[in-house]
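Engineer: Just dropping this structure here.
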Amino acid sequence: MGIPGFGTLFQTGDGAPTEAFTTVAEVREIGGPNMSRDAIDVTNHSSPGAWRQFISGLKDAGEIPLDLNFLPADATHDQSTGLLSLFVSGEQNNFRLILPDAVTTQLAFAGIVTGFEIVPSLEDRLQANVTIKVTGAVTIS
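Residue 82 in our numbering sits at position 39 of the sequence shown; the count goes up by one each step and never skips.
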């Protein structure tokens, strides 16, 4: 049994001691987090059967790509308070994804906005492609 992805929310935190989160407007697609772990090669001259051997290395929570219907004046998109403002400032921020499952699973993480591409298409909507690099762990609750 699958769960539809429709209704997933992407939210930004305000950084207050009791943090409040705001849903980013008109998010069409959300990717990630695309978590991975480094594999450290420990192969040596005594490795059995001449097979490479590996141990676990550092984990990386990856990136969160977003595709938005770009609303330049919207407070969650704009250069004053929105994702564009986080790109310009380079400040780390708290984010979360709220999944539309029966228990509303949350994925919380800190990140920095590393990409903000505005796409004014001739035959399509005004969109923005945003990339958030996750820093640290993703907490799932």
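C-beta atoms are modelled at their ideal positions from N, C-alpha and C, and glycine is treated no differently.
Quick caveat, the model's predicted, so the values are computed rather than measured.
(1) Please report the distance separating the alpha-carbon of Phe113 from that of Phe53.
(2) Which residues does DSSP pair with Gln149 in a beta bridge?
(3) For Thr119, I'd like the list of residues in its chain whose CB is within less than 8 Å of its CB, leaving aside the five on either flank, ordered along the chain.
(4) Assuming contact is defined by CB atoms lying nearer than 8 Å, are Ala153 and Gly133 in contact in what I supplied?
(5) Suppose only complete runs of 3+ residues qualify. What are the beta strand (DSSP E) ranges in the segment 47-135, listed by chain order?
(6) Which residues in the same chain have their Cβ closer than 6 Å to the Cβ of Leu129, if we skip the five residues on either side of it in sequence?
(7) If contacts are defined as beta-carbon pairs under 8 Å, then Pro143 and Phe49 qualify, I think. What distance do you get, rounded to the angstrom?
(8) Could you check if Ile175 is buried or exposed, using at least 16 other CB atoms within 10 Å of its CB as the buried criterion?
Structural biologist: Result, derived from the coordinates:
(1) To locate residue 113, count along the sequence shown from 1; it is residue 70. To locate residue 53, count along the sequence shown from 1; it is residue 10. About 15 Å.
(2) Counting from 1 along the sequence shown, the entry for residue 149 is found at position 106. DSSP, once it has assigned bridges, lists Ile141 as partnering Gln149.
(3) Start at 1 with the first residue of the sequence shown, and residue 119 comes out as number 76. The beta carbon of Thr119 lies closer than 8 Å to those of Thr55, Thr65, Thr66, Val67, Ala68, Gly125, Leu126 in the same chain, with the five residues before and after it left out.
(4) In the sequence shown, residue 153 corresponds to position 110, counting from 1. In the sequence shown, residue 133 corresponds to position 90, counting from 1. Taking 8 Å as the cut-off, the Cβ atoms of Ala153 and Gly133 do not count as close.
(5) Secondary structure remark: continuous beta strand (DSSP E) runs of at least 3 residues inside the segment 47-135, in chain order: 52-56, 64-66, 70-73, 79-84, 97-103, 106-112.
(6) Numbered from 1 along the sequence shown, position 86 holds the residue referred to as residue 129. If we look at Leu129 and ignore the five residues flanking it on each side, its Cβ neighbours are Asn136, Val156.
(7) Position 100 of the sequence shown holds residue 143. Position 6 of the sequence shown holds residue 49. Right, their Cβ atoms sit about 7 Å apart.
(8) On the sequence shown, position 132 is the one that residue 175 refers to. Burial call: buried.
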